[in-house]
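Asker: I have a structure I would like to understand better, so I am pasting it below and will then ask my questions one at a time.
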Amino acid sequence: MTKAGSSVPEASAASQIAGPHVAGPLWVNAEITYKCPLHCVFCYNPLDYASTFDKELTTDQWLKALREARELGAVQLGLSGGEPLMRDDLEIIIAEASNMGYYVNLLTSGVGLTEKRLAAFKAGGLDQIQLSFQDSTKKLNDFLSSTKTFDLKLNVAKLIKQYDYPMVLNIVLHRQNIDHIEQILQMAESMQADHVELANSQYYAWAFKNREYLMPSRDQLERAETVCNQFRERLGNTMKLYFVVPDYYADRPKACMNGWGAVFLNIAPDGLALPCHEARMLPGLDFPNVRDHDVRSIWFDSHAFNAYRGNSWMPEPCRSCDEKEKDFGGCRCQAFMLTGDAANTDPVCSKSPHHTLITDQVALAQRLNLREDEVKPLIVFRDDRNSRLYT
Amino acid sequence: MSLPHDKALRFAKQYKLQWESAQNAWVLLYPEGLVKLAGSAGEILQRIDGSTSALDIVSTLEAIYPGADLKQDVIDFLEHAHDKGWIISA
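Here the protein sequences come in this chain order: V and E.
Read in order, the letters of the first sequence correspond to residues 1 to 391 in the numbering used here.
Read in order, the letters of the second sequence correspond to residues 1 to 90 in the numbering used here.
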């Protein structure tokens, strides 16, 4: 037996993939449908999501893909969307996945979560529910998601407690709601939340379209973080708070997905296998579909999953950078969206020759002072009609 | 809150330990991630069952590995796991 205390293996998932040996996926995110009753302006689903509606995988196709990923060692399963509750086979998928040995997370807006369904999920072995909120106030929640869902979500939150799940709240922060952080955290506290993730929206897809409307100013961020710290101090471990700032405010990029094809496998509603939620937008990669290929060949052999794996693909300034193992050059999709080439260094990095694309946008966020009624006509809601315009 | 050495321990509600043959390791699963445990950490945590205490685990392991002075390492690791919120008093 080797020494215990000193070798706490916290680094876990990320550290074991670096190096020549490619390990299997650990985390599968199954976007089982892009159908959604909400129309959030910060949604990261692809703009053309509506094109998947008539191509969704069947129950059996989902189960086959999940089984294949499990055989490669995947243990975490996120069931997301869209709104996963829109699939009436969710009960079956949960029970089967749990049986396979997955730790099963449901990522939901709560819309459509009845007690009957929740009881079935519990019986099927669902491990975790993450409930998303748009804001602490009914008015903004309903406006930002373009629905009337706030009261319904509060009821769902009660149901989640009743069924003895930890309360995990996910609240997307942005320019329009970040100043309500105190009310948001009070709401979370009164709901006896165990984990609260306050993540600023990341600027992909619909959120990219609405970037000016969503990006907070530096002052807003600092104030929010201060409030967050006060709650942390007062509540300690009883309510764990995660506060995530937009990566535009950093000078080094995020270690996106812990590296391309390293840990994370996303499966879109139409069966497309992707190294992240957004990769579908990248040209020339010809992403494989779980209908046509098994997950093993997709993960290890496909061109798409190998394209940015490891670091031999990196150009300068990443190639000679001593931090390349730390952040993997950042996000391929962000590099593509902002510079037109997915192989470029993520412009968030201050070493990137394109870094001004980020700093200009950040500068704009300090200046813009549009009132809700001024900016409202400019907002693009994520809805089926708009999606078809992008298809 | 420090870890009571003589009280039974269990995993916190959202934590689940499971043997993963693909990883050839014990893996601790929780909502936002997973930790692949080194051999020694797996040896310790697999004995958490809601009725076993830290001191019980020390005796069990010392019986399996006679002659090794494991007490401090085991207690240190369990305290770490407790600080992390993985395990709590049953």
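Even for Gly, the Cβ is constructed at its ideal location relative to N, Cα and C.
Here the structure is a predicted model, which is why all the values come from computation and not from measurement.
Within 8 angstroms of any Cβ in chain E, is that where the Cβ of residue 177 of chain V sits?
Answerer: Residue 177 of chain V does not count as touching chain E.
Asker: Can you give me the start and stop residues for the beta strand (DSSP E) that residue 27 of chain E sits inside?
Answerer: That run of the beta strand (DSSP E) goes 25-30.
Asker: List, in chain order, every chain E residue whose beta-carbon is nearer than 8 angstroms to that of residue 166 of chain V.
Answerer: Neighbours of residue 166 of chain V on chain E, chain order: 13, 14 and 31.
Asker: Got a sec? Which residues, its chain only, sit under 6 angstroms from residue 178 of chain V by beta carbon, not counting five neighbours each side?
Answerer: Contacts found: 216, 220 and 224.
Asker: Step through the CB atoms of chain E and report whether any lies within less than 8 angstroms of the CB of residue 5 of chain V.
Answerer: Confidence at residue 5 of chain V is low in this model, with a pLDDT of 27, below 50, so the placement of that residue should be treated as unreliable; the coordinate-derived value is given next. Yes, because at least one Cβ of chain E sits closer than 8 angstroms to the Cβ of residue 5 of chain V.
Asker: In the DSSP assignment, the beta strand (DSSP E) including residue 171 of chain V goes from what residue to what residue?
Answerer: Residue 171 of chain V -> beta strand (DSSP E) spans 168-173.
Asker: With a threshold of 7 angstroms on Cβ separation, who are the neighbours of residue 12 of chain V within its own chain once the five nearest residues in sequence on each side are excluded?
Answerer: Only weak support exists for where residue 12 of chain V lies, its pLDDT of 39 falling under 50; the coordinates are left without a value.
Asker: Give me the Cα-Cα distance between residue 270 of chain V and residue 52 of chain V, rounded to the nearest whole angstrom.
Answerer: If I take the Cα positions, the gap works out to 6 angstroms.
Asker: Select from V:318, V:248, V:155 and V:85 the residue whose C-alpha is nearest the C-alpha of residue 360 of chain V.
Answerer: Nearest C-alpha to residue 360 of chain V: V:248.
Asker: Around the C-beta of residue 86 of chain E, are 16 or more other C-beta atoms found within 10 angstroms, so that it is buried, or is it exposed?
Answerer: Classification for residue 86 of chain E: buried.
Asker: Cβ closer than 8 angstroms: which chain V residues qualify as neighbours of residue 27 of chain E?
Answerer: Correct list: 75.
Asker: Taking the beta strand (DSSP E) that residue 10 of chain E falls in, what are its first and last residues?
Answerer: Note, residue 10 of chain E: beta strand (DSSP E), 9-11.
Asker: List, in chain order, every chain V residue whose beta-carbon is nearer than 8 angstroms to that of residue 22 of chain E.
Answerer: In chain order: 24, 71, 72 and 73.
Asker: What is the rounded straight-line gap between the Cα of residue 64 of chain V and the Cα of residue 298 of chain V?
Answerer: Going by the C-alpha atoms only, they are around 14 angstroms apart.
Asker: Could you give the uninterrupted runs of the beta strand (DSSP E) lying entirely in the stretch 162-247 of chain V, keeping only those of 3 residues or more?
Answerer: With a minimum length of 3 residues, the continuous beta strand (DSSP E) runs that stay inside the stretch 162-247 of chain V are 168-173, 195-200 and 240-244.
Asker: Is residue 1 of chain V helix, strand or coil by DSSP?
Answerer: Confidence in residue 1 of chain V is poor, its pLDDT being 33 and thus under 50, which makes the residue's placement unreliable; the coordinate value appears in the next sentence. Here residue 1 of chain V sits in coil by DSSP.
Asker: Looking at residue 255 of chain V: is its Cβ nearer than 8 angstroms to the Cβ of residue 327 of chain V?
Answerer: Yes, these two residues count as a Cβ contact at 8 angstroms.
Asker: Quick check on residue 9 of chain E - is its C-beta less than 8 angstroms from some C-beta in chain V?
Answerer: No, because no Cβ of chain V sits closer than 8 angstroms to the Cβ of residue 9 of chain E.
Asker: Could you pull out every residue in the same chain whose Cβ sits closer than 8 angstroms to the Cβ of residue 7 of chain V, ignoring the five residues on either side in sequence?
Answerer: Here residue 7 of chain V scores only 25 on pLDDT, less than 50, and its place in the model is too uncertain to base an answer on.
Asker: Quick check: the Cα distance between residue 381 of chain V and residue 207 of chain V, rounded to an integer number of angstroms?
Answerer: Going from the Cα of residue 381 of chain V to the Cα of residue 207 of chain V covers about 10 angstroms.
Asker: Please confirm if residue 383 of chain V has its CB atom under 8 angstroms from at least one CB of chain E.
Answerer: Answer no: the Cβ-Cβ gap between residue 383 of chain V and chain E never drops below 8 angstroms.
Asker: Looking at the strands, I want to know which residues DSSP matches up with residue 105 of chain V.
Answerer: BP columns for residue 105 of chain V point to V:78 and V:128.
Asker: Take residue 140 of chain V as the anchor and find which of V:176, V:128 and V:313 has the nearest alpha-carbon.
Answerer: For residue 140 of chain V, the nearest C-alpha among the options comes from V:176.
Asker: Quick check: what's the CA-CA separation for residue 106 of chain V versus residue 186 of chain V?
Answerer: Whole-angstrom Cα-Cα distance: 24 angstroms.
Asker: Pairing CB atoms from the stretch 156-174 of chain V with CB atoms from the stretch 197-206 of chain V, are three or more of them under 8 angstroms?
Answerer: Cβ pair count under 8 angstroms is three or more, so yes.
Asker: According to a CB-to-CB cut-off of less than 8 angstroms, which residues of the stretch 91-114 of chain V neighbour chain E?
Answerer: Answer set for the stretch 91-114 of chain V: 101, 103 and 105.
Asker: Near residue 57 of chain V, which residues of its chain fall below 6 angstroms by C-beta distance, leaving aside the five closest residues on each side in sequence?
Answerer: If we look at residue 57 of chain V and ignore the five residues flanking it on each side, its Cβ neighbours are 271.
Asker: Can you tell me the Cβ-Cβ gap for residue 50 of chain V and residue 291 of chain V, rounded? I've got them flagged as a contact below 8 angstroms.
Answerer: Not a contact, Cβ separation roughly 20 angstroms.
Asker: How would you write the range of the beta strand (DSSP E) that residue 28 of chain V sits in, first residue to last?
Answerer: Taken as a continuous stretch (DSSP letters only), the beta strand (DSSP E) holding residue 28 of chain V covers 27-33.
Asker: Thinking C-beta only, is residue 275 of chain V closer than 8 angstroms to residue 257 of chain V?
Answerer: In this structure, residue 275 of chain V lies closer than 8 angstroms to residue 257 of chain V by Cβ.
Asker: Relative to the C-alpha of residue 42 of chain V, which residue among V:104, V:131 and V:209 is closest?
Answerer: Nearest option by C-alpha distance: V:209.
Asker: Return the chain-ordered list of same chain residues with a C-beta closer than 6 angstroms to the C-beta of residue 194 of chain V, the five sequence neighbours on each side being excluded.
Answerer: Same-chain partners within the cutoff: 166 and 167.
Asker: Residue range of the beta strand (DSSP E) that residue 89 of chain E falls in?
Answerer: Where residue 89 of chain E is concerned, the enclosing beta strand (DSSP E) stretches over 87-89.
Asker: Can you pull the chain E residues whose beta carbon is under 8 angstroms from the beta carbon of residue 237 of chain V, in chain order?
Answerer: The contacting residues are 85.
Asker: Once DSSP output is grouped into helix, strand and coil, what is the label at residue 48 of chain E?
Answerer: Residue 48 of chain E falls in the coil class under three-state DSSP.
Asker: In chain E, which residues lie less than 8 angstroms from residue 127 of chain V when you measure between Cβ atoms?
Answerer: Here the neighbours are 14, 16, 29 and 31.
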